[in-house]
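Read the structure below first, then the notes.
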Amino acid sequence: MGPLLRQDIAAAGLAAGSSVAERDRDLDTIRRMAGGDSSALGELYDRHGRAMYSLGCRILSDAADAEDVVQEVFSQAWRQASRYDAQRASVGGWLLMMTRTRSIDRLRARQVRPAATGDVEATLQQQRDPSPDPEAEAVTTDAVARMRRAFAELTEGQRLAIELAYFDGLSQADIAEQLREPLGTVKTRIRSGLLKLRAAMVRE
Amino acid sequence: MDHESLRELSGAYALGLLTHAERRAFEAHLGTCAECTQELRELTVVTESLGRMVEPRDPPARLREQILRAAGAAPRQRGRGTPFWLLLAASLGLMAVGGYAALLRGRVSETEATVRHTERILAAADVKRVDLAGQEAAPGASGRAFWSRSHGVMFTASGLPALPKGKVYQLWVVTKSVPLSAGLLTPDGSGHVMAVADMPPGVEPVAVAVTIEPEGGVPSPTGAKYLVGLV
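From first to last, the protein sequence lines stand for chains A and B.
Going left to right, the first sequence walks through residues 1 to 204 as this note's numbering numbers them.
Going left to right, the second sequence walks through residues 1001 to 1231 as this note's numbering numbers them.
So, in structure tokens, the structure goes:
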């Protein structure tokens, strides 16, 4: 497959958290980070930190672990800003991908170690961040709401298969076992589910 | 497999679920099928967005500050441009590293951060030393690593041969099950190099090694071993 081009991402009509203008702004921020500008790191956090933290919480069900993961990902992004490849993913997509990977790594590591201690303290200390940019929020809310609705409308088999793969990091064999379905069925359900989500995203 | 059955794999491919053999077959098919390539592009956009559908949660306000503070103390690139005399000083603990760091502040912030990280590793209660011996490809080379489960790994080497064009040395922390990349190494003109790296939590190294790899590095070692040391 050729690289996933930014035009493709934009043309897909996907406004999930990032308009073209926001992508350009992210690219500029990454360039400044690569040049050592730490204020750029703060800006990137303000734009994407909340989404990353939310994803970490969803995968790990533990606020303290999610916090660690987000910190690790920004540390990696800071060190590797010069290696970011705009042809492969949007900046937001890149950060979320690293968040997911690290969260699932932790999830797996947890299975061979005693359960993490509770997150009561972290939860108690939670405070609201400054409000995000209203314009960005408007785009995000609309697109995400459409995706979420479409996700809720998937068949149970489609939804579970995608959830187990994406949020729990299970292999296709493990998904098949959990759902008690043949491997082929799992693959078909995942594809048809993703195609439905895709259709919902480009729908006017 | 024909187009119909390969096309069924697109969603699982986009989510990284395929077995090695399936992935190979699907990727080979992509080279010849515009329809599947297009579908995969579209599905990749979907999978890239799945993480945004979760219930939003507000991170604690302290997280932003922690991230910025950590960045202030972390180098963006490793193993490059740090003068060996300084690394030697740091690694042997012969000099007051902090003093040098202060001298350099504002001028070579990356070096300073490297030194600070080095200092933390060397001062860690759980620090261990690993000596690395030159292998067949570089009998004259030698290296030393200090690793701390809590603070990461600090590595120095000397006598490494000059790199051919398009190649780079890569440092590995080898656990029982898997080698973990600890960064890329580009020695200076006299074959010296130094690097510091974080380690993921829970890592229990059994060896530290340096291999030669294509520029940009690789996820698992492929090239000749230049240095190896057992923990």
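Positions of the beta carbon are idealized from the N, C-alpha and C atoms, including for glycine.
Distance CB(residue i)-CB(residue j) smaller than 8 Å
i	j	result
R1129 of chain B	F1146 of chain B	yes
Q172 of chain A	L179 of chain A	no
A51 of chain A	L60 of chain A	no
L1043 of chain B	L194 of chain A	yes
W1172 of chain B	A1195 of chain B	no
L1018 of chain B	Y166 of chain A	no
R1064 of chain B	Y45 of chain A	yes
G1152 of chain B	A1113 of chain B	no
A1134 of chain B	Y1013 of chain B	Reading the sequence as shown, one finds Gly at residue 1134 of chain B and not Ala. Cβ atoms of G1134 of chain B and Y1013 of chain B: not closer than 8 Å.
S38 of chain A	G1016 of chain B	no
I1067 of chain B	L41 of chain A	yes
L197 of chain A	V1046 of chain B	yes
R254 of chain A	G169 of chain A	With chain A covering 1 to 204 only, the question about residue 254 of chain A has no answer from this structure.
V73 of chain A	Y53 of chain A	no
M1154 of chain B	T1186 of chain B	no
A1025 of chain B	M1001 of chain B	yes
Cβ neighbour criterion (16 or more within 10 Å) applied to residue i
i	result
K1165 of chain B	exposed
S103 of chain A	buried
E135 of chain A	With a pLDDT of 37 at E135 of chain A, under the threshold of 50, the modelled position of this residue cannot be trusted, and the question is left open.
T99 of chain A	buried
M1053 of chain B	buried
L1230 of chain B	exposed
A1138 of chain B	buried
V186 of chain A	buried
H48 of chain A	buried
G1011 of chain B	buried
G62 of chain A	Checking the sequence shown, residue 62 of chain A turns out to be Asp, not Gly. D62 of chain A comes out buried.
M201 of chain A	buried
E121 of chain A	The predicted model places E121 of chain A with a pLDDT of 31, which falls under 50 and marks its position as unreliable; any figure quoted below should be read in that light. That one is exposed.
E1048 of chain B	buried
R191 of chain A	buried
T188 of chain A	buried
H1029 of chain B	buried
E22 of chain A	buried
R203 of chain A	exposed
A290 of chain A	Within the shown structure, residues of chain A are numbered from 1 to 204, placing residue 290 of chain A beyond reach of any answer.
G1216 of chain B	exposed
Q1170 of chain B	buried
D68 of chain A	buried
R1078 of chain B	Low per-residue confidence applies at R1078 of chain B: pLDDT is 43, beneath 50, and the placement is therefore not dependable, though the value from the model is reported in the following sentence. R1078 of chain B is buried by the Cβ-count criterion.
Bridge-paired residues (DSSP) for residue i
i	result
R1129 of chain B	B:F1146
K1167 of chain B	B:P1214
A1209 of chain B	B:W1172 and B:V1228
P1179 of chain B	B:V1174
A1195 of chain B	B:F1155
G1134 of chain B	B:L1227
L1185 of chain B	B:Y1169
Nearest-angstrom beta carbon gap, residue j and residue i [assumed within contact, 8 Å]
i	j	result
A77 of chain A	L95 of chain A	6 Å
R1144 of chain B	D1126 of chain B	About 17 Å separates the two Cβ atoms, so there is no contact after all.
P75 of chain A	A34 of chain A	Per the sequence shown, the amino acid found at residue 75 of chain A is Ser instead of Pro. No, S75 of chain A and A34 of chain A are not in contact; Cβ-Cβ is about 15 Å, not under 8 Å.
P1205 of chain B	V1174 of chain B	6 Å
V1150 of chain B	A1124 of chain B	With the sequence shown as reference, residue 1150 of chain B is identified as Ser, and Val is not the correct amino acid for it. About 6 Å separates the two Cβ atoms, so the contact holds.
A1157 of chain B	S1177 of chain B	About 25 Å; that fails the 8 Å criterion.
A1207 of chain B	V1228 of chain B	6 Å
Chain E contact residues for residue i, given Cβ-Cβ distances below 7 Å
i	result
R1116 of chain B	The structure shown contains no chain E; its protein chains are A and B.
The ligand SAM heavy atom lying under 7 Å from the CB of residue i
i	result
A200 of chain A	Ligands displayed in this structure: none; no statement on the ligand SAM is therefore possible.
Any 3 or more C-beta pairs closer than 8 Å across the stretch 1053-1073 of chain B and the stretch 155-163 of chain A: Verdict: no, contact absent.
Is the stretch 1034-1042 of chain B touching the stretch 1005-1015 of chain B, taking contact as three or more C-beta pairs under 8 Å? yes
Examine the Cβ distances between the stretch 21-35 of chain A and the stretch 83-90 of chain A and report whether three or more of them are shorter than 8 Å. Contact between the stretch 21-35 of chain A and the stretch 83-90 of chain A is present: three or more C-beta pairs spanning the two stretches fall below 8 Å.
With a cut-off of 8 Å, do at least 3 Cβ pairs link the stretch 1205-1225 of chain B to the stretch 1171-1184 of chain B? yes
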